[in-house]
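Asks: Residue numbers (this note's numbering): 373 to 449.
Each residue gets a CB set at the ideal place from its N, CA and C atoms; glycine is no exception.
Before anything else, here's the structure in question.
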């Protein structure tokens with residue numbers, strides 16, 4: 373579940389291993405590029421954390437962020 377934190381949508385994803393986390397990040401990167409809306413994220417071993425907000429909207433959460441979050445979740449279904 374995405375939560376709002378400090379004007380961002382935030383979610384932590386945990387995978388069985390680094391390969392799973394990296395594969396997920398690759399899919400998110402392709403999706404973000406297609407949507408022209410790029411996340412702030414970190415990866416440590418099997419954990420990926422993502423923060424979404426819209427820089428053009430003074431770093432607030434917008435519909436773009438909601439749409440990207442929804443599409444990211446679909447990658448795991």
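Take residue 423 and list the residues in its own chain whose beta-carbon comes closer than 6 Å to its own, dropping the five residues that flank it on each side.
Replies: Closer than 6 Å at the Cβ level, and outside the excluded window around residue 423, lie 380, 382 and 412.
Asks: Would you call the stretch 391 to 403 and the stretch 425 to 437 touching, i.e. three or more CB-CB distances under 8 Å?
Replies: no
Asks: Just checking residue 385 against the ligand FAD - is the residue's beta carbon closer than 7 Å to any of the ligand's heavy atoms?
Replies: Summarising the ligand content, the structure contains no ligands, and the ligand FAD is consequently not present.
Asks: Any idea what DSSP makes of residue 412, helix, strand or coil?
Replies: strand
Asks: From what residue to what residue does the alpha helix (DSSP H) around residue 394 run?
Replies: 390 to 407
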